[in-house]
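For the sequence shown, our numbering begins at -16 and goes up steadily by one.
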Amino acid sequence: MPKYPNECKVTTKKSESCKANEINLLCNEGIPQLYLSSELIIHEVVHDCNVFHLYASSSLGYGVCPYCGHVSSQVHSRYSRTIYDLSILGERVVLHLDVRKFFCHNDDCCRKTFAEQPGDEVFRYRRRTCRCERVVARHGISVSSNSACRLLSDIGICVSSSTILLPIEFSKHI
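Here it is, written out as structure tokens:
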């Protein structure tokens, strides 16, 4: 009888430690690379209970007033936004954005403060990234909202069937 009877056997099942190593590598190097072109700095990536939590802020040192176009660097206050993104390796992704509010020093502007719009990946007043909104809209257009709800939950996007119809309405105006 051979000393190691299964030495030529190829296994595709990964051990827990191997998966943990892959997740650590993904958290430290892989995920921040995905957001390089979006004017966001990923400060920390935490993997907890099958969810990747990304803590980020804008990479710009200034904000542009959306009402008058005036550039300002004087920060008024900060607040946190929670935004959902597409899943990575079947695990949900939650983006925690540190958003700054700036003073607008333009005397002709109707607003005294404004919130920065961090990156190209986040719409104003939305809770999902642009690419996540596009996936929801595509599913909503291609199948019924109830079927889309089930399909989206399989890929880590939790939305109700009535919410699926909203991006379709928004996309008409984009």
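Ideal placement from N, C-alpha and C gives every residue a C-beta, glycine not left out.
Values in this document were obtained by computation on a predicted structure and should not be read as measured data.
Taking a contact to mean a Cβ-Cβ separation below 9 Å, would you say Arg94 touches Tyr50 in this structure?
yes
Are Ala39 and Asp81 close, meaning C-beta to C-beta below 9 Å?
yes
Boundaries (first-last residue) of the beta strand (DSSP E) holding Ile71:
Val58 to Ile71
Residue from His26, Ser125, Val126 and Ser144 with nearest C-alpha to Cys132
Ser144
Nearest neighbour of Cys48, chosen from Val119, Ala98, Val34 and Cys141 [CA to CA]
Ala98
Considering only DSSP beta bridges, list what Asp31 is partnered with.
Val34
How is Glu74 classed by DSSP in three states: helix, strand or coil?
strand
Straight-line gap, Leu134 to Ala120 (C-alpha atoms, nearest Å)
12 Å
Can you determine whether any heavy atom of the ligand GTP sits closer than 8 Å to the C-beta of Leu149, and answer yes or no?
This structure does not include the ligand GTP; it has no bound ligands of any sort.
Excluding the five sequence neighbours on either side, which residues of its own chain have a C-beta within less than 6 Å of the C-beta of Gly46, listed in chain order?
Ser55, Phe85 and Glu99
Integer-rounded CB distance, given that Leu69 should sit under 8 Å from Val118
6 Å
Can you round the beta-carbon distance between His53 and Cys87 to whole angstroms, since I take them to be within the 8 Å contact cut?
6 Å
Proximity below 9 Å, CB of Ile25 to CB of Leu43:
no
For Ile138, count neighbouring C-beta atoms within 10 Å of its own C-beta (all shown protein chains included) and say buried if the count is 16 or more, exposed if not.
exposed
What is the DSSP secondary structure of Arg111, reduced to helix, strand or coil?
strand
Taking 6 Å as the limit between beta carbons, can you name the residues of its chain near Lys(-3), skipping five residues before and five after?
Here the model assigns Lys(-3) a pLDDT of 48, short of 50, so the residue's position is not dependable, and the following value carries that caveat. Same-chain partners within the cutoff: there are none.
Does DSSP put Ser145 in a helix, a strand or coil?
helix
Identify the residues that DSSP records as bridge partners of Arg83: which are they?
Arg61
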